[in-house]
Each structure stands twice: as structure tokens, then as C-alpha cells.
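*Asks:* Just passing along the structure, written as C-alpha cells.
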Amino acid sequence: MAKVTRIQAGRYAVDDGRCIIKNNSGWLIVDANGAHDFGPVPTLAAAKEYVESGTVPLRQHNFSTSHGRRQSKKEFNAYLASEAKNGNPMPAILWVIVLCIICGIVVAVRGY
Numbered sequence: 409m410a411k412v413t414r415i416q417a418g419r420y421a422v423d424d425g426r427c428i429i430k431n432n433s434g435w436l437i438v439d440a441n442g443a444h445d446f447g448p449v450p451t452l453a454a455a456k457e458y459v460e461s462g463t464v465p466l467r468q469h470n471f472s473t474s475h476g477r478r479q480s481k482k483e484f485n486a487y488l489a490s491e492a493k494n495g496n497p498m499p500a501i502l503w504v505i506v507l508c509i510i511c512g513i514v515v516a517v518r519g520y
């Protein structure tokens, strides 16, 4: 289990040499050389979860607000990316297939 310690506002150090840095669009995980490792993830908790387990969890958000919908989209995209990075591209592949099916149905119904 990786230990995360606060360096300053918006910067956290991980005991394996990586850092978690606040960016405008979320949190980035960078490796010891300063190269981009993963991200952006929507919350610091999701970044810590990725550092500890290698995956980003999906949580429930309040869909009645635009902020909740935005956070949910960011978290879902981070989940797909973390699964693909860990060698499991199946969730991303299934998501693309579902989107293609939905687009095909829309085109068939609208007649374009």
C-alpha cells in the first residue's frame, strides 16, 4: 500500500517516487522523472485510489447538478483509461461497441 503525503497545496508525494499534482482539469499522477503517468482523474481520492490499487473506482454522483454530471463523466473516462493501462481494454471496447450500436439505431430511426 502506497503512502501519500502532502508536500504543499496541490502537490502530494507518494512513497514509490510518484507525485500527485493538481491540474486545471483534475489531478495528474507523474512518475519520479516528472513524466506523465496517469490522469487527469476528477478527485484527489480517485488519484490516491489509483496510486494504491492501480484502478479508479466509480462512485455515485448527484446527477441533478451540472458539476455532478461532469464529475461522473470524468470519473468514468478515468476508469476506462485505468483498466486499459492495466492490460484490460475490454470495458473501453464494449463502450465503443455500445456507442456504435446507439448511433446505428439513431441513423436507422431518423433515416439518414
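Residues 409 to 520 (the working numbering) are what the sequence shown spells out, left to right.
Yeah, the Cβ is synthetic: ideal placement off N, Cα and C, and Gly gets one too.
1) What residue range is occupied by the uninterrupted alpha helix (DSSP H) comprising Val464?
2) So the candidates are Ala516, Asn496, Asp439, Gly462; which of them puts its Cα closest to the Cα of Gly425?
3) Rounded to the nearest angstrom, what separates Ala454 and Val506 at their Cα positions?
4) What distance in whole Å lies between the Cβ atoms of Phe446 and Lys493, which are believed to be in contact at a cut-off of 8 Å?
5) So Ala421 is in the alpha helix (DSSP H); what residue range does that whole segment cover?
6) What's the gap between the Cα of Ala421 and the Cα of Ile501?
*Replies:* Taking the coordinates as given:
1) Position 56 of the sequence shown, counted from the start, is the residue given in the question as residue 464. Where Val464 is concerned, there is no enclosing alpha helix (DSSP H), given that its DSSP letter is neither H nor E.
2) Position 17 of the sequence shown, counted from the start, is the residue given in the question as residue 425. Among Ala516, Asn496, Asp439, Gly462, the Cα nearest to that of Gly425 is on Asp439.
3) Here residue 454 corresponds to residue number 46 of the sequence shown, with the count starting at 1. Here residue 506 corresponds to residue number 98 of the sequence shown, with the count starting at 1. Near 26 Å, if we compare the C-alpha coordinates of Val506 and Ala454.
4) Walking along the sequence shown from the start, residue 493 turns up at place 85. Walking along the sequence shown from the start, residue 446 turns up at place 38. With 8 Å as the limit, Lys493 and Phe446 qualify as a contact, their Cβ atoms being about 7 Å apart.
5) The residue given as residue 421 occupies position 13 in the sequence shown. From DSSP, Ala421 is part of no alpha helix (DSSP H) but of the beta strand (DSSP E) over 419-422.
6) Within the sequence shown, numbered from 1, the residue matching residue 421 stands at position 13. Within the sequence shown, numbered from 1, the residue matching residue 501 stands at position 93. If you take the alpha carbons of Ala421 and Ile501, they lie about 33 Å apart.
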